[in-house]
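Here the working numbering runs 7 ahead of the position in the sequence shown, where the first position is 1.
The next block holds one structure in the form of structure tokens; read it before the comments.
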Amino acid sequence: MRVLLMTGKGGVGKTSVAAATGLRCAELGYKTLVLSTDPAHSLADSFDMELSHDPQPVQPNLWGAELDALMELEGNWGAVKRYITDVLQARGLEGIEAEELAILPGMDEIFSLVRMKRHHDENEYDVLIIDSAPTGTALRLLSLPEVAGWYMRKLYKPFQAVSEVLRPLVQPFFRPVAGFNLPTKEVMDAPYEFYEQLIELEKVLTDASTTSVRLVTNPEKMVIKESLRAHAYLSLYNVGTDLVIANRIIPDEVQDPFFQRMKDKQQQYRHEIHENFRPLPVKEVPLFAEELCGLEALHRLKDTLYADEDPAQVYYKETTLRVVQEAGNYSLELYLPGIAKDKVELSKSADELNIRIGNHRRNLVLPQALAALQPAGARMEDDYLKIRFASGG
Numbered sequence: 008m009r010v011l012l013m014t015g016k017g018g019v020g021k022t023s024v025a026a027a028t029g030l031r032c033a034e035l036g037y038k039t040l041v042l043s044t045d046p047a048h049s050l051a052d053s054f055d056m057e058l059s060h061d062p063q064p065v066q067p068n069l070w071g072a073e074l075d076a077l078m079e080l081e082g083n084w085g086a087v088k089r090y091i092t093d094v095l096q097a098r099g100l101e102g103i104e105a106e107e108l109a110i111l112p113g114m115d116e117i118f119s120l121v122r123m124k125r126h127h128d129e130n131e132y133d134v135l136i137i138d139s140a141p142t143g144t145a146l147r148l149l150s151l152p153e154v155a156g157w158y159m160r161k162l163y164k165p166f167q168a169v170s171e172v173l174r175p176l177v178q179p180f181f182r183p184v185a186g187f188n189l190p191t192k193e194v195m196d197a198p199y200e201f202y203e204q205l206i207e208l209e210k211v212l213t214d215a216s217t218t219s220v221r222l223v224t225n226p227e228k229m230v231i232k233e234s235l236r237a238h239a240y241l242s243l244y245n246v247g248t249d250l251v252i253a254n255r256i257i258p259d260e261v262q263d264p265f266f267q268r269m270k271d272k273q274q275q276y277r278h279e280i281h282e283n284f285r286p287l288p289v290k291e292v293p294l295f296a297e298e299l300c301g302l303e304a305l306h307r308l309k310d311t312l313y314a315d316e317d318p319a320q321v322y323y324k325e326t327t328l329r330v331v332q333e334a335g336n337y338s339l340e341l342y343l344p345g346i347a348k349d350k351v352e353l354s355k356s357a358d359e360l361n362i363r364i365g366n367h368r369r370n371l372v373l374p375q376a377l378a379a380l381q382p383a384g385a386r387m388e389d390d391y392l393k394i395r396f397a398s399g400g
């Protein structure tokens, strides 16, 4: 299955691009699903038809769906939710309040990943197109396997082991005192089983031959800056971007003086997009005279974007992480386009390298060859952060 993840700052037109890409893939004979994981769904509005949690046919070879996080939560996290509800009710909360509080913040984001994993495993479709949340939320999603791995290794597995030993001894005395039972083995196992699904999904997301991110941007200063940051952060999580789509460019035939200053600015920003994202390919899409709502309008966008091309191709293959050995020395090289070296914080603990850029952090489990060594210096070269390792630090 080919996975295309469309993301970008809110309002740049990524939903329209996702829908038009789905139309072209279906036209080429691929069984295609366009799945919206954005909490503020607009995919149904783009297709101008009703969509639901389950895939609905849009046209031959094309289906659309909008994620219902509550349905995913009940199917994947029901036992844990019910236990948390029992605990809250035992502490005096009413039924409906306990039910609401049992849904932890961010669970809707997490279960969009679970849905993606299920479609990949079922392999019912040839192409899965994700109409993602805006970049900030999308990046939090992509970091989840990494973050969850740290908590599972450091905290949850030891706690789970102790719980299994103590449960038979403590259970007879626990409920009379606390008012609720200790968690069952089903409840205790659920988080780790869920984590294992995330780890498998991470393998899919970081396989550049399977998954590609398509960054949708506009020729505007703030939008370009956010897109550049997103590109760097995606590389930090080892997720490859293969195409940039510059949307809503005012066409040359618009000669109204009111738009002239905006057109001049767009010329400057178009140049910046091509230069700053090089060597990624850039596709330009004009500002259309009508709303891109309904299949007729989306077909025009599809023809403009792809013409005779196959959108399922890999337009560019990024190498976001590599280990290089030279003269007996090792270096770890991370592709971080547009990031200055002084913006990167590095630290090492045991076999993990902690990399922090702004408010994004990755705990990278090092290959065995590097785990016993210490970072001995770092430099930025050709958009790669090159971290040298040596014995003795």
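Even glycine gets a Cβ: it sits at the ideal position worked out from N, Cα and C.
In this structure, the alpha-carbon of Leu250 lies about 16 Å from that of Ser23. Glu209 sits buried, since 16 or more C-beta atoms from the chains shown fall within 10 Å of its C-beta.
When DSSP reads this structure, Thr28 sits in no beta bridge, so it has no partner. Taken through DSSP and simplified to helix, strand or coil, Gln63 comes out as strand.
Exclusion of the five residues before and after Leu235 leaves Asn283, Phe284, Pro344 and Gly345 as the residues of its chain whose Cβ lies within less than 8 Å of its Cβ. Contact between His60 and Asp75 holds: their C-beta atoms lie close to 4 Å from each other, under 8 Å.
Short of 8 Å from the beta carbon of Thr217, and not among the five residues preceding or following it, lie these beta carbons of its own chain, in chain order: Met8, Arg9, Val10 and Val211.
DSSP places His367 in the uninterrupted beta strand (DSSP E) bounded by His367 to Val372.
Segment contact: the segment 321-336 against the segment 355-362, fewer than three CB-CB distances shorter than 8 Å; contact not assigned.
Counting the other CB atoms within 10 Å of its CB gives Glu303 a total below 16, which places it among the exposed residues. In this chain, the beta strand (DSSP E) harbouring Ser338 covers Asn336 to Tyr342.
Listed as beta-bridge partners of Asn361 by DSSP are Ser354 and Asn370. Ile252 sits close to Leu312, with the two beta carbons spaced by under 9 Å. Cα atoms of Asp389 and Glu57: separation of roughly 47 Å, rounded to the nearest angstrom.
Taken in chain order, the unbroken stretches of alpha helix (DSSP H) that lie wholly in the segment 215-257 and span 4 residues or more are 228-243. C-alpha of Arg125 to C-alpha of Asp271: approximately 47 Å in a straight line.
Around Leu373, the same chain offers Asp358 and Leu360 as residues with beta carbons nearer than 6 Å, after the five sequence neighbours per side are excluded.
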